[in-house]
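Engineer: I'd like to ask some things about the structure below.
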Amino acid sequence: MKVKTLVCNCKGLDPFRHADMNTLAFEIESELDVAYAAAHPQLCAEGGIQVLEDVLRAAEDDPDTYVMVCACAEDTQKNLFKKAFRRTGFDEKHFVPLDVRNTTNDGILDRIRARLAEIADPTKPRH
Ligand code: SF4
Numbered sequence: 000m001k002v003k004t005l006v007c008n009c010k011g012l013d014p015f016r017h018a019d020m021n022t023l024a025f026e027i028e029s030e031l032d033v034a035y036a037a038a039h040p041q042l043c044a045e046g047g048i049q050v051l052e053d054v055l056r057a058a059e060d061d062p063d064t065y066v067m068v069c070a071c072a073e074d075t076q077k078n079l080f081k082k083a084f085r086r087t088g089f090d091e092k093h094f095v096p097l098d099v100r101n102t103t104n105d106g107i108l109d110r111i112r113a114r115l116a117e118i119a120d121p122t123k124p125r126h
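Be aware that the sequence shown starts at 0, since it is given in numbering that gives the first Met the number 0, and climbs by one per residue.
Now the structure itself:
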C-alpha cells in the first residue's frame with residue numbers, strides 16, 4: 000500500500016491557524032509511512048485542482064496507491080473534487096479525505112496515523 004498525501008492550508012483561514020504548514024509535510028514524511036506529503040495553499044482553486052488531477056492520474060492504473068487529502072470536512076471534499084474524479088480514471092475508493100481542521104501538527108499527525116491504520120486494516124471500525 001502506497002499513500003500519497005496532499006495537505007491543504009485553506010488560505011490560512013481560521014480552522015487551519017493551529018497548524019504550521021511550513022513544517023507539516025516534512026513531519027508527515029519523517030514520522031509516517033507515506034510515499035510523500037505536499038502542501039498546497041488552496042486545493043479547491045484552479046491550481047490546486049490541477050495538482051490533485053495530476054496526482055490522481057499518476058495513480059489511475061496503480062491499485063496499490065491511495066491519495067489522502069488533509070483538508071476540510073470529508074463530505075465537502077468529495078463535493079469539491081467531484082469534477083477532478085470525473086476527469087481522471089482514478090478509483091474513488093482509493094481517495095481518502097481527512098478533516099484536519101482545528102488542530103496542531105501533532106493532532107494532524109495523529110489523525111493521519113489513525114486513517115493509515117484503518118486503510119491497512121479495513122475490518123477495523125472508523126472512529
Ligand atoms: S479544499 Fe477545503 S480546506 Fe482546501 S481550500 Fe478548499 S475549502 Fe479550504
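Don't be surprised by glycine CBs; every beta carbon is placed ideally from N, CA and C.
Less than 8 Å between the C-beta atoms of Q76 and A83, yes or no?
Structural biologist: no
Engineer: Using C-beta distances below 7 Å, list every residue in its chain close to E26, excluding the 5 sequence neighbours before and after it, in chain order.
Structural biologist: N104, L108
Engineer: Can you list every residue whose CB sits closer than 5 Å to some heavy atom of the ligand SF4, going in chain order?
Structural biologist: C7, C9, Q41, L42, C43, A70, C71
Engineer: Of the residues A113, R100, R86, A44, which one's Cα is nearest the Cα of E73?
Structural biologist: Looking at the Cα atoms, R100 is the closest of the given residues.
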